[in-house]
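Asker: Numbering (this note's numbering), first residue to last: 313 to 441.
Positions of the beta carbon are idealized from the N, C-alpha and C atoms, including for glycine.
All values reported here derive from a predicted model rather than from experimental measurement.
1) Let me confirm a value: residue 410 is counted as buried when at least 16 other C-beta atoms fall within 10 Å, else exposed. Which label applies?
2) Since I believe residue 387 is in contact with residue 398 (beta carbons under 8 Å), could you give me their beta-carbon distance rounded to a whole number of angstroms?
3) Inspect the beta-carbon positions of residue 416 and residue 376 and report whether they are closer than 9 Å.
4) Where does residue 419 fall in DSSP's three states?
5) Cα separation between residue 418 and residue 402?
6) Please list, in chain order, all residues of the same chain as residue 318 whose beta carbon is under 6 Å from its beta carbon, the five residues on each side excluded.
7) Look at the alpha carbon of residue 439 and the alpha carbon of residue 364, and state the distance between them as a whole number of angstroms.
8) From residue 428 to residue 316, what does the alpha carbon distance come to, in whole angstroms?
9) Could you give the C-beta distance for residue 420 and residue 436, rounded to a whole number, given that I count them as a contact under 8 Å?
10) For residue 334, report the span of its beta strand (DSSP E) as first-last.
11) Taking the Cβ atom as the reference point for each residue, do residue 313 and residue 359 lie within a distance shorter than 9 Å?
12) If you run the structure through DSSP and keep just helix, strand and coil, what is residue 406?
13) In three-state DSSP terms, what is residue 385?
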């Protein structure tokens, strides 16, 4: 299935927790293209994995419209291990007679030891909406 990372009329909510400084946020913001590529790839991998998304149980792949967006982003200073954790709440939509609606939520967590460090995907969790 193809996937489109779209922008919604409502802007993503951004939250800061546990000691994230403005300079750290600015440094991470400069890496947005890299971060969004990781998020896109994780969503793409999830919806195209027959063990996670199929026609037999939720989520049903054929219900997905192919559109998704980032609903919120949370930045968290991690102490063990030390670094920055970023949690993305994404929404995948489905087409209904009344229009396009949210269908599946995916929370994707990435981590980097430093602002310039390599990002590691810590997890992808799904939820029905």
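Answerer: If we stick to the structure as given:
1) Here the question's residue 410 lines up with position 98 in the chain shown. Exposed is the call here.
2) Translated into positions along the chain shown, residue 398 becomes position 86. Translated into positions along the chain shown, residue 387 becomes position 75. With a Cβ gap of about 6 Å, residue 398 and residue 387 count as contacting.
3) As a first step, residue 416 is located in the chain shown; it is residue number 104 there, counting from the start. As a first step, residue 376 is located in the chain shown; it is residue number 64 there, counting from the start. Their beta carbons are under 9 Å apart, which means residue 416 touches residue 376 by this criterion.
4) As a first step, residue 419 is located in the chain shown; it is residue number 107 there, counting from the start. It is a strand residue.
5) Residue numbering aside, residue 418 sits at position 106 when the chain shown is read from its first letter. Residue numbering aside, residue 402 sits at position 90 when the chain shown is read from its first letter. Rounded to whole angstroms, residue 418 to residue 402 spans 5 Å at the Cα level.
6) On the chain shown, residue 318 is found 6 positions in, with the first residue counted as 1. Answer for residue 318: 379, 381, listed in chain order.
7) Residue mapping note: residue 439 aligns to position 127 of the chain shown, counting from 1. Residue mapping note: residue 364 aligns to position 52 of the chain shown, counting from 1. Taking the straight line joining both Cα atoms gives about 12 Å.
8) Numbered from its first residue, the chain shown carries residue 428 at position 116. Numbered from its first residue, the chain shown carries residue 316 at position 4. Cα-Cα distance, rounded: 27 Å.
9) Position 108 of the chain shown, counting from 1, holds the residue named residue 420. Position 124 of the chain shown, counting from 1, holds the residue named residue 436. Indeed they touch by this definition, with Cβ atoms about 5 Å apart.
10) The count along the chain shown starts at 1 and reaches residue 334 at position 22. Note, residue 334: premise wrong, no beta strand (DSSP E); alpha helix (DSSP H) at 334-341.
11) Residue 313 sits at position 1 when you count from the first residue of the chain shown. Residue 359 sits at position 47 when you count from the first residue of the chain shown. Closer than 9 Å, so yes.
12) Mapped onto the chain shown, residue 406 falls at position 94. Three-state result, residue 406: strand.
13) Mapped onto the chain shown, residue 385 falls at position 73. DSSP places residue 385 in strand when its eight states are reduced to three.
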